[in-house]
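Asks: This is the structure I have questions about; it appears just below.
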Amino acid sequence: MAEAPAPQQHTEEVLESHDELRRLSDVLWAERRLLELLLFKLEEEQLLLTSGRSRWLGHAAREVAKVLDEIRSAEVGRAAEADAAAVALGLEPGTPLGELALAAPAPWDELLLSHRDAFAQLTSEISELADGNRELLAVSHRATQETLLALRRESETYDDTGHAASIDRSGQIFDASL
Numbered sequence: 001m002a003e004a005p006a007p008q009q010h011t012e013e014v015l016e017s018h019d020e021l022r023r024l025s026d027v028l029w030a031e032r033r034l035l036e037l038l039l040f041k042l043e044e045e046q047l048l049l050t051s052g053r054s055r056w057l058g059h060a061a062r063e064v065a066k067v068l069d070e071i072r073s074a075e076v077g078r079a080a081e082a083d084a085a086a087v088a089l090g091l092e093p094g095t096p097l098g099e100l101a102l103a104a105p106a107p108w109d110e111l112l113l114s115h116r117d118a119f120a121q122l123t124s125e126i127s128e129l130a131d132g133n134r135e136l137l138a139v140s141h142r143a144t145q146e147t148l149l150a151l152r153r154e155s156e157t158y159d160d161t162g163h164a165a166s167i168d169r170s171g172q173i174f175d176a177s178l
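Each residue of the sequence shown is one higher than the one before, starting from 1 at the first, in the UniProt record's numbering.
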């Protein structure tokens with residue numbers, strides 16, 4: 001028959017799991033703030049696109065890319081902290097956040113579920129906004145191409161009297177029999 005762990009050993013394991021869960025929660029809060037910042041930057045980008053203020057789109061795109069880089073770095077830290085918390089709870093590294101929450105003691109269980117739900121909501125909003133921005137960029141690109149095409153068809157030149165005149169360079173039919 002196996003011996004039950006000594007009370008002090010059990011207390012140390014509980015304290016270790018609480019410490020690991022606290023660190024994981026801190027990392028999750030930081031990542032949530034980054035996702036909210038990304039959402040904000042995407043909304044800024046959308047406002048620029050819808051207002052026609054394309055002058056600042058380059059800056060907005062760089063800011064979005066910077067936040068994405070920060071999120072990628074935070075994800076590495078989150079994975080390490082989640083693995084440490086999983087081991088402290090007697091689970092395998094790589095355990096999903098929802099399963100960590102189910103194994104965690106109160107109040108960590110509810111806090112981890114809250115993080116998971118917030119990540120799902122933020123990710124959905126970010127995907128929707130990013131898709132909308134891509135569509136706005138595509139429409140803007142098509143409009144720009146059509147404008148440039150129209151400018152090539154009609155150009156300004158001078159007529160035989162020296163006055164400015166427009167020449168339509170669109171397709172013309174030429175009757176060779178004339």
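Even glycine gets a Cβ: it sits at the ideal position worked out from N, Cα and C.
Can you tell me whether K41 is buried or exposed? The criterion is at least 16 other CB atoms within 10 Å of its CB, across all chains shown.
Replies: Locating residue 41 in the sequence shown gives position 41, counting from the first residue. Buried: at least 16 other Cβ atoms inside 10 Å.
Asks: Identify whether D160 lies in helix, strand or coil by the three-state DSSP scheme.
Replies: The sequence position of residue 160 within the sequence shown is 160, counting from 1. Of the three classes helix, strand and coil, the one that applies to D160 here is coil, per DSSP.
Asks: Using 8 Å as the Cβ pair cut-off and three pairs as the minimum, do the segment 51-62 and the segment 78-91 touch?
Replies: In short, these stretches do not touch, since the Cβ pair count stays below three.
Asks: Could you tell me if L148 is buried or exposed, where buried requires 16 or more neighbouring beta carbons within 10 angstroms of its beta carbon?
Replies: The count along the sequence shown starts at 1 and reaches residue 148 at position 148. Burial call: exposed.
Asks: Within 10 angstroms of the Cβ of W29, are there 16 or more other Cβ atoms? Answer buried if so, exposed if not.
Replies: Counting from 1 along the sequence shown, the entry for residue 29 is found at position 29. Classification for W29: exposed.
Asks: Please list the terminal residues of the continuous alpha helix (DSSP H) segment that includes L102.
Replies: In the sequence shown, the residue the question calls residue 102 occupies position 102. Element bounds for L102: L97 to A103.
Asks: Quick check on E128: buried or exposed, where buried means 16 or more other Cβ atoms within 10 Å of its Cβ?
Replies: Stepping through the sequence shown from its first residue, residue 128 is reached at position 128. Counting Cβ neighbours within 10 Å, E128 comes out exposed, since fewer than 16 surround it.
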